Amino acid sequence: MNTSRLLRTLATGLGTAGLLVSGCSSGSSTSSASATGTEVPKGLTSYYAQQLSWRDCGVEGFECTTMKAPLDYDRPDDGDIKLAVSRKKATGPGKRIGSLLVNPGGPGGSAIGYLQGYAGIGYPAPVRARYDMVAIDPRGVARSEPVECLTGKEMDAFTQVDQTPDDDGEVTELSGAFEKFADGCEKRAGTILPHVSTVGTARDMDVLRALLGDEKLHYVGASYGTFLGATYADLFPGRAGRLVLDGAMDPSLRAIDMNRDQTAGFEGAFQSFAADCVKKTDCPLGTTSTADAATALKKLFTDLDAEPVPTGETRELGESLATTGVIAAMYDEAAWPQLREALADAQRGEGAGLLALADSYYEREPNGTYANLMYANAAVNCLDLPPAFDGPDAVKKALPDFEKASPVFGRGFAWASLNCAYWPAEATGTPHRTEAKGAAPIVVVGTTRDPATPYAWAQSLADQLSSGTLLTYRGDGHTAYGRGSDCIDTAINTYLLEGTPPTDGKKCA
1 MNTSRLLRTL
11 ATGLGTAGLL
21 VSGCSSGSST
31 SSASATGTEV
41 PKGLTSYYAQ
51 QLSWRDCGVE
61 GFECTTMKAP
71 LDYDRPDDGD
81 IKLAVSRKKA
91 TGPGKRIGSL
101 LVNPGGPGGS
111 AIGYLQGYAG
121 IGYPAPVRAR
131 YDMVAIDPRG
141 VARSEPVECL
151 TGKEMDAFTQ
161 VDQTPDDDGE
171 VTELSGAFEK
181 FADGCEKRAG
191 TILPHVSTVG
201 TARDMDVLRA
211 LLGDEKLHYV
221 GASYGTFLGA
231 TYADLFPGRA
241 GRLVLDGAMD
251 PSLRAIDMNR
261 DQTAGFEGAF
271 QSFAADCVKK
281 TDCPLGTTST
291 ADAATALKKL
301 FTDLDAEPVP
311 TGETRELGES
321 LATTGVIAAM
331 YDEAAWPQLR
341 EALADAQRGE
351 GAGLLALADS
361 YYEREPNGTY
371 ANLMYANAAV
381 NCLDLPPAFD
391 GPDAVKKALP
401 DFEKASPVFG
411 RGFAWASLNC
421 AYWPAEATGT
431 PHRTEAKGAA
441 PIVVVGTTRD
451 PATPYAWAQS
461 LADQLSSGTL
471 LTYRGDGHTA
481 YGRGSDCIDT
491 AINTYLLEGT
501 PPTDGKKCA
């Protein structure tokens, strides 16, 4: 399991850090104007003036291109990074509003994959009619000079390391796994590692906004994408258009607080799953109470720690992969039936079901290769915030708080939070209130029982933003837009199409 601050969305839904790099220009020092009439930060004229050459993507209806951005915005003459962009033009009828950028979260999720696989064809037709649907893979992600760290076999081994160590030997093994992961990233992606911060990606988005010919950036970000959108608004408040931040993060939190909050969030999601499960006659965790269900799940994890079970392939299902499989199903209640079946199979000594859930979480292909999601996730997170822990002793000290937050998942989440302690690139961000003073109304969406981005984060972000409007979904799962609530969808669609935000504090079921 490597769930530390993986604030991602599932492909079936519409939608896993500090804010400002020290000394980073917010665009106040200018030398020229872009084609949209907005000021161009000093030294960046060539980037804002470049021409995009669109081509067919090979995916029906979508165009693709690449754009250049400075590897380091503080030293734009030190070299470029190439970033992949895709779009699907507005279909009409109705007057085109502009471009609508989308980001599915992560950090590390491919925005282009999300656009071409879902948003560009699955967003409401009236929205697609009046916006060019656009995505840019963030720097270090997928098609944009991806961060790479381990081979497929090395990643297989990493995902199976015991992340609830029982003795000093297992602590040493886990620490060594994190060090090997970090060393692999430095070896394979050392040049880019210091330059994949959220601030850098937000600045890339402003370059793209100008190249698309838009005076304002319109945007829907889910999960980690909310942090990216809020960062953009804070850097460029006058250029922030209609922004939807769904499944919001709280950028004012330290890493340890964020990880502990998320631990409690997954405990809450498990309690919802367990309450539903025990009502069913075939619940593999019993039919009496949620407390008994938690006991049964912990027993399964303990049994798998002692003796992994076969999966039908060379990998066995141990505690770490089983825990990741359960975590994966907590993002969306639609996965609960699959989880019940997988748990029942594991209790019978058949691990294929939970392994499949874990593989979907890690984006592992059947041929043993991995997408770069986990590598980019660590690279961005470890740059955006100082590490939660500086070593194993600090984790041990924090274990009681994490176990209080989640008796089921607490130990694993605490130890997973050790990953950034060994990172080769020093963090450039710090916890920071995000106010975006002067920005147009920004819609912040929170789900009351969201496991990955707890509802309190949405409340906090909406309060921090000078123009924040909180929209609440009372329900389960990660994010809210496009997941079945007509009330949520109508409020967001109205905002995107007409510019009218919902009433602050509006609640939906």
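In this note's numbering, the protein residues as written are 1 to 509. C-beta atoms are modelled at their ideal positions from N, C-alpha and C, and glycine is treated no differently. Given the structure is predicted, the values throughout are model-derived calculations rather than measurements.
- The closest CA to that of W423, considering only I256, T198, N381 and V444, is found on N381.
- Short of 6 Å from the beta carbon of R254, and not among the five residues preceding or following it, lie these beta carbons of its own chain, in chain order: P431.
- Annotation for T287: V278 and T281 place their beta carbon closer than 7 Å to its own, counting only its chain and skipping 5 residues before and after.
- Contact between D276 and R239 fails: their C-beta atoms lie close to 44 Å from each other, not under 8 Å.
- In this structure the segment 296-316 lies against the segment 339-346, because at least three pairs of beta carbons, one per stretch, are closer than 8 Å.
- Assigned with DSSP and collapsed to three states, R209 falls in helix.
- Runs of the beta strand (DSSP E) lying entirely within the segment 359-407, each at least 3 residues long, are absent.
- In the DSSP assignment, T172 falls within the unbroken alpha helix (DSSP H) covering D168 to A189.
- For P93, the closest alpha carbon among the candidates D72, A69, R128 and D80 is that of R128.
- The Cβ atoms of L44 and M67 lie no closer than 8 Å to each other.
- Under the three-state reduction of DSSP, E39 is assigned to strand.
- Assignment of beta-bridge partners to H218 by DSSP yields L100.
- A direct Cα-to-Cα measurement between F158 and A177 gives close to 6 Å.
- Here G412 has M1, Q163, T164 and T323 as same chain residues with Cβ atoms under 6 Å from its own Cβ, once five neighbours each way along the sequence are excluded.
- It is roughly 12 Å from the alpha-carbon of Y224 to the alpha-carbon of V102.
- With respect to the 8 Å criterion, D80 and L71 are classified as neighbours on the basis of their beta carbons.
- Among the bridge pairs identified by DSSP, M133 is matched with K88 and L100.
- Straight across, the Cα-Cα distance linking A509 with G475 is about 7 Å.
- Buried is the label assigned to N377, since at least 16 other Cβ atoms lie within 10 Å of its Cβ.
- The beta carbon of I492 sits closer than 6 Å to the beta carbons of V244 and Y481 from its chain, once the five residues preceding and following it are set aside; these are given in chain order.
- By a beta-carbon distance limit of 8 Å, R96 does not contact E63. Their separation comes to about 15 Å.
- Around the beta carbon of S252, 16 or more other beta carbons lie within 10 angstroms, which makes this residue buried.
- Note that the C-beta distance between F389 and A427 is not below 8 Å.
- Here the alpha carbon of L193 sits roughly 15 Å from the alpha carbon of N419.
- Between A294 and V408, the gap from beta carbon to beta carbon is short of 8 Å.
- Inter-residue distance for P126 and E350 is about 46 Å (C-alpha atoms, whole angstroms).
- When DSSP states are grouped into helix, strand and coil, K299 belongs to the helix group.
- In this structure K89 touches D132 by the C-beta definition: roughly 5 Å separates them, less than 8 Å.
- Setting aside the 5 residues that flank it on each side, V171 is surrounded in the same chain by P165 and P392, each with a C-beta closer than 7 Å to its C-beta; the list follows chain order.
- Collapsing the DSSP output to three states places V326 in a helix.
- The beta carbon of W415 sits closer than 8 Å to the beta carbons of Q163, T164, P165, L174 and V395 from its chain, once the five residues preceding and following it are set aside; these are given in chain order.
- With respect to G325, L354 sits close: the two C-beta atoms are nearer than 8 Å.
- For L496, the closest alpha carbon among the candidates G108, Y123 and G117 is that of Y123.
- For the pair G105 and L228, the Cα-to-Cα distance works out to about 9 Å.
- The Cβ atoms of L470 and A452 do not sit closer than 8 Å to each other.
- The criterion of a C-beta distance shorter than 8 Å is not satisfied by V196 and L373.
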